[in-house]
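Going by the working numbering, the first residue of the sequence shown is number 132, and it counts up by one from there. The next block holds one structure in the form of structure tokens; read it before the comments.
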Amino acid sequence: MISLGIEGTAWSLSVGVVSGEEVILLENKPYVPKEGGIHPREAAQHHSENIGKLIGRTLSRINPEDIDVIAFSQGPGMGPCLRIVATAARVLSLKLKKPLVGVNHCLAHLEVGRWKTGARKPVTLYVSGGNSQIIARRGERYRVFGETLDIGIGNALDKLARYMGLKHPGGPKIEALAREGERYYELPYTVKGMDFSFSGIVTAAQKLLDEGVRKEDVAFSFQETTFAMLTEVSERAMAYLEADELLLVGGVGANRRLQEMLDTMCRERDAKFYCPPSSLMGDNGAMIAYLGLLMYRNGHSTKIEESTVKPDFRVEDVDVNWD
Ligand code: AMP
Ligand code: MG
């Protein structure tokens, strides 16, 4: 079975084609803001200008007849971006006469991670631009056991980078600076039960910069503090759920220091740590295609009249009837 998936919830515009065994194609055309962060309308404009070309290029490299299902990210995400993607998916589904499946973007990160790593029943730490959640399966649903109370860790890193005059996306730049850090400065450690928050830490880190503290030391202190928070809550979820696997997904999951801290924690409790290849960590069409395929195989499809976008789509809202 072959699935074509379209992703475009925020910065990433991407079309992927997967079979049950492998990623066959992945075409990306990311939106890069000229300055500042992601502007939803500008991103949607970028998506509408490029989606036709991207789909055209994909279809020229496979036989469209071989496609069994068209998947698209139905949410959560930025409304104007989601609408472009949903429209393209509907057109493609009608034109090729193939069924449509609207998928939850967060669940797509998680399922592509399980697929590519072989993790079976992991606690998942999902860390991206807009989201930061600890997710685990309970029966026929995935549940969120902890999450950010304000901004996602990716947005926090991007904001801090912007304050240092660095361009979007800031996460990899903060990671590089942090490697040169020498001194740890204390920042607020904000864990509340199973939840956490980042915006106060960004403000405190900006204050350190204003006071003349080296960028490298601020980046280092910021990563050590926020990643320790994420590691603590992941560990608590694993203890509570008696899980012996941890899966890291989402764009921030590419960060080596975060991987290292989680891996150390897992070793200390005899658990296994998994993370998919970097190309599938950030938002991408292959993960949407894969979840679409999984859902379609298990009897799910989306009628055109039910394909309206869901900017606040929660992972708990998906009925999960697969292993
Ligand atoms: P996503 O929304 O899942 O595509 O993730 C995008 C976010 O990942 C952005 O906020 C990036 O700054 C962040 N990101 C990408 N690579 C890294 C990295 N190596 N370290 C930290 N954050 C990263
Ligand atoms: Mg994402």
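Just so it is clear, CB atoms sit at the ideal spot from N, CA and C, and this is done for glycine as well. Computed from a predicted model, the values in this text were never measured in an experiment.
Is HIS178 a contact residue of ligand 2, with contact defined as CB to any heavy atom under 7 Å?
no
Relative to the C-alpha of ARG123, which candidate in GLY233, ARG367 and TYR427 has its C-alpha closest?
Beyond the ends of the chain as shown, which are 132 and 454, falls residue 123; an answer cannot be given.
Considering only their Cβ atoms, is the gap separating GLY285 from PRO458 smaller than 8 Å?
Here the chain covers residues 132 to 454 and nothing more, so residue 458 does not appear.
What separation, rounded to the nearest whole angstrom, lies between the Cα atoms of VAL243 and SER410?
11 Å
Please determine, among PRO408, LEU424 and GLU311, the residue with the shortest C-alpha to C-alpha distance to TRP453.
LEU424
Quick one: which unbroken alpha helix (DSSP H) runs of 4-plus residues sit fully inside the stretch 167-194? Chain order, please.
171-192
Between the Cα of GLU509 and those of ASP450, LYS165, PRO161 and PRO195, spot the shortest distance and give me the residue it belongs to.
Look at the range of the chain in this structure, 132 to 454, and you will see that residue 509 is not part of it.
Assuming contact is defined by CB atoms lying nearer than 8 Å, are LEU377 and ALA359 in contact in what I supplied?
no
Do you know offhand how far GLN354's Cα is from GLU153's?
34 Å
Among the residues of its own chain, which have a CB less than 6 Å from the CB of PRO407, if the five just before and after it don't count?
GLY244, LYS247 and THR248
Quick one: complete alpha helix (DSSP H) runs, 4+ long, within the stretch 296-373?
302-310, 330-341 and 346-372
Can you tell me whether ARG398 is helix, strand or coil according to DSSP?
helix
Using CA atoms only, rank isn't needed, just tell me which of THR357, ILE282, ARG314 and CYS397 is closest to ALA368.
CYS397
Let me check understanding here. Comparing Cα to Cα, which of ARG172, ILE169 and ILE201 lies closest to MET132?
ILE201
Proximity test, ALA385 beta-carbon vs ligand 1 heavy atom, cut-off 7 Å
yes
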